[in-house]
Amino acid sequence: MAANEERSVGIVMNGVTGRMGYRQHLVRSILAIREQGGLRLPDGTVLRPEPILVGRNESKLATIAKEHGLDRWTTDLDEALKLPGAEIYFDAQVTSRRVEGVKKAVAAGLHVYTEKPTAEDTETALELARIAKAAGVKVGVVQDKLFLPGLLKLKRLVDGGFFGRILSVRGEFGYWVFEGDWQEAQRPSWNYRAEDGGGIIIDMFCHWRYVLEEIFGPVRSVQALAATHIPERVGEDGKPYACTADDAAYGIFELDGGIVAQVNSSWTTRVFRDELVEFQVDGTEGSAVAGLRRCRVQHRSTTPKPVWNPDLPATEDFRSQWQEVPDNADFDNGFKTQWEMFLRHVAADEPFPWDFLAGARGVQLAELGLQSAREGRRIAIPELTL
Ligand SMILES: NC(=O)c1ccc[n+]([C@@H]2O[C@H](COP(=O)([O-])OP(=O)(O)OC[C@H]3O[C@@H](n4cnc5c(N)ncnc54)[C@H](O)[C@@H]3O)[C@@H](O)[C@H]2O)c1
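Counted the way UniProt numbering counts, the sequence shown spans residues 1 to 386.
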């Protein structure tokens, strides 16, 4: 196609009435790409995403469509997958609905991009990878944390050899999710019911797998302790329900090179941190603390020598002894950046490493984390193959 020609790509977007589907994927990614005039491909063609909204609630869909000047929406997924110009299926439904939607899309011959986790167990996640491969469609899984400015800066430090030998990683993720009685919960109630695909391990360990592996190295074992600290919450309908899923997970992961990563994930902790997720990395040459946006370092040459003395008040302001890592780049919304990569993968055959096997690896860490918690033991992580 000649330079500056436009080509449209129909994207069937399922689950756009949800938190992630609406805010991060529709508004901050697809509509943002449209607003910037589309996506330029290497041959000069401009790709214009055309969303086709799919969901269960007709009036919610109609409202979103109207608000954003969109005219294609339906409550019938089968119909949407057959619409002319529909090339990509995107799924941000509740996790338990994912497999059915993705299978239908693959059978219809569409390329598929999906939220994580791709399935609730590893075998099913692998099955999705196999059927997608057999059908010859292109697939991708959201791995948004890789595109966080804080973690991009952390990766830059690792790549630049800042740490020397990395010893350990300590991650804190979490915040207080209200119980829904005296203040409305800020997360949907299905997250707290195992039978509806909920639980913090299935939600977060998928992320920890790719974060740990892409920044530090392969994860070789997992040991997790899961807890349901709050046994009862109040749902969207105002009625109490029993919490059957874990709302906090205390995980230890062994990585290649003897690196020990400890990550706490919790919806039952109050934040006394600078950001909702933070990782401290300690290495022989220096340490860093990276969050969503910020990253601070302390080199061995500027490391103070605190002396333990409980009889005296703290004499040093420890936080002031760290240096801010500069951005040195423009960071776009991570969901949008990954969408642009996937669109270029589909339309211009550019590589896209985060396929359904990568998705299955995330599910595997969650599944083995849950098994570790149930059995009270450390579990080695076998290599996954298709
Ligand atoms: N990448 C990330 O950082 C991230 C963050 C949060 C959630 N997620 C993932 O995104 C997906 C959606 O999560 P969310 O927080 O947006 O959830 P949500 O409850 O806000 O949205 C769920 C969507 O699924 C639809 N749905 C279909 N069947 C449903 C059913 N039986 N019950 C309830 N909703 C149903 C809803 O209409 C809605 O559009 C999950 O798979 C979750 O793991 C990813």
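A virtual CB, placed ideally from N, CA and C, is assigned to each residue, including glycine.
All figures in this text were calculated on a predicted structure; none of them were measured in a lab.
Helix, strand or coil at residue i according to DSSP, with G and I counted as helix
{"i": "W176", "result": "strand"}
{"i": "H229", "result": "coil"}
{"i": "Q298", "result": "strand"}
{"i": "R7", "result": "strand"}
{"i": "T74", "result": "strand"}
{"i": "I381", "result": "coil"}
{"i": "M1", "result": "Any reading at M1 must be qualified, since the residue scores a pLDDT of 49, below 50, and its modelled position is unreliable; no value is offered."}
{"i": "G369", "result": "helix"}
{"i": "R220", "result": "strand"}
{"i": "V307", "result": "coil"}
{"i": "L31", "result": "helix"}
{"i": "R48", "result": "strand"}
{"i": "L39", "result": "strand"}
{"i": "L53", "result": "strand"}
{"i": "A86", "result": "strand"}
{"i": "R170", "result": "strand"}
{"i": "F318", "result": "helix"}
{"i": "R23", "result": "helix"}
{"i": "D181", "result": "coil"}
{"i": "A119", "result": "coil"}
{"i": "W354", "result": "coil"}
{"i": "D144", "result": "helix"}
{"i": "R374", "result": "helix"}
{"i": "L312", "result": "coil"}
{"i": "D196", "result": "helix"}
{"i": "L386", "result": "coil"}
{"i": "A329", "result": "coil"}
Boundaries of the beta strand (DSSP E) in which residue i is found, first to last residue
{"i": "H111", "result": "H111 to T114"}
{"i": "Q262", "result": "V260 to S266"}
{"i": "E278", "result": "V277 to G283"}
{"i": "V289", "result": "G286 to A290"}
{"i": "G140", "result": "V139 to V141"}
Residue i, enclosing alpha helix (DSSP H) - first and last residue
{"i": "N202", "result": "A small fix is needed here, since residue 202 is Ile in this sequence, not Asn. It spans I200 to I215 - the alpha helix (DSSP H) in which I202 sits, taken as one unbroken run."}
{"i": "I252", "result": "Where I252 is concerned, there is no enclosing alpha helix (DSSP H), although the beta strand (DSSP E) it sits in stretches over A248 to L255."}
{"i": "V158", "result": "P149 to D159"}
{"i": "V271", "result": "Element bounds for V271: n/a, residue is neither H nor E."}
{"i": "E106", "result": "First, the amino acid is wrong: residue 106 is Val here, not Glu. Where V106 is concerned, the enclosing alpha helix (DSSP H) stretches over R98 to A107."}
{"i": "R344", "result": "G334 to A348"}
{"i": "R130", "result": "T122 to A135"}
{"i": "E58", "result": "E58 to E67"}
Residue i Cβ short of 7 Å to ligand 1 heavy atom set
{"i": "residue 395", "result": "The structure shown does not extend to residue 395, since the chain is modelled only from 1 to 386, so the question has no answer here."}
{"i": "G362", "result": "no"}
{"i": "residue 387", "result": "Residue 387 lies beyond the stretch modelled for the chain, which goes from 1 to 386, so this question has no answer here."}
{"i": "W190", "result": "yes"}
{"i": "T95", "result": "yes"}
{"i": "E115", "result": "yes"}
{"i": "residue 395", "result": "Look at the range of the chain in this structure, 1 to 386, and you will see that residue 395 is not part of it."}
{"i": "V142", "result": "yes"}
{"i": "A92", "result": "yes"}
{"i": "R56", "result": "yes"}
{"i": "residue 454", "result": "The structure shown has nothing for residue 454, since the chain only spans 1 to 386."}
{"i": "D237", "result": "no"}
{"i": "G286", "result": "no"}
{"i": "G257", "result": "no"}
{"i": "D71", "result": "no"}
{"i": "D181", "result": "no"}
{"i": "D203", "result": "yes"}
Per DSSP, cross-strand counterpart(s) of residue i
{"i": "V363", "result": "The partner list for V363 (beta bridge, DSSP) is empty, contrary to what the question assumes."}
{"i": "D91", "result": "N14 and T114"}
{"i": "L241", "result": "According to the sequence shown, residue 241 is Tyr rather than Leu. Y241 pairs with R233."}
{"i": "I324", "result": "Reading the sequence as shown, one finds Glu at residue 324 and not Ile. Note: E324 sits in a beta bridge opposite R296."}
Of the residues the options, the one placed nearest residue i, counting alpha carbons only
{"i": "G150", "options": "D76, E195 and E275", "result": "E275"}
{"i": "K104", "options": "I131, G369, V234 and V16", "result": "I131"}
{"i": "V177", "options": "I230, K145 and Q364", "result": "I230"}
{"i": "S266", "options": "T228, S287 and G238", "result": "T228"}
{"i": "A134", "options": "G109, K145 and R72", "result": "G109"}
{"i": "D76", "options": "D91, R56 and T95", "result": "R56"}
{"i": "F253", "options": "L225, E232 and W73", "result": "L225"}
Contact test: residue i Cβ vs ligand 2 heavy atom, cutoff 7 Å
{"i": "T17", "result": "As for ligand 2, it is missing from this structure, which binds only ligand 1."}
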